[in-house]
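Residue numbers (my numbering): 13 to 128.
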């Protein structure tokens, strides 16, 4: 699975596609790396008996916060893409209506100038 994910993420292709994949995977990937470092540091803490009771709940809360942060990141990306697409569609319909009205005004101009 890691090999497939690596190939789909960093396969050679157009520069803009590779850059977009890198930017979209930068935050979740760095969160995973930070999680591994914290996990290794917390395993050293298990050897010390002081505060062992709070170790598991704190670790579970940390994992939950990391998963939630990645989830909110992807939901925010999809919301941003949805808003950007909606804005682009609305703007393109506005431009199309504007161009059609300009064409209509140009076509009707001779008739409106002689009607007076």
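Glycine is no exception: its CB is placed at the ideal position from the N, C-alpha and C atoms. All values reported here derive from a predicted model rather than from experimental measurement.
Taking each of 23, 26 and 40 in turn and checking the Cα distance to residue 86, the smallest one comes out for 40. With a contact defined as Cβ atoms closer than 8 Å, residue 50 and residue 74 qualify at about 7 Å. If you look at residue 25, you'll find it isn't in any alpha helix (DSSP H); DSSP assigns it neither H nor E. Less than 7 Å separates the beta-carbon of residue 43 from that of residue 78.
The C-alpha of residue 103 is placed about 34 Å away from the C-alpha of residue 80.
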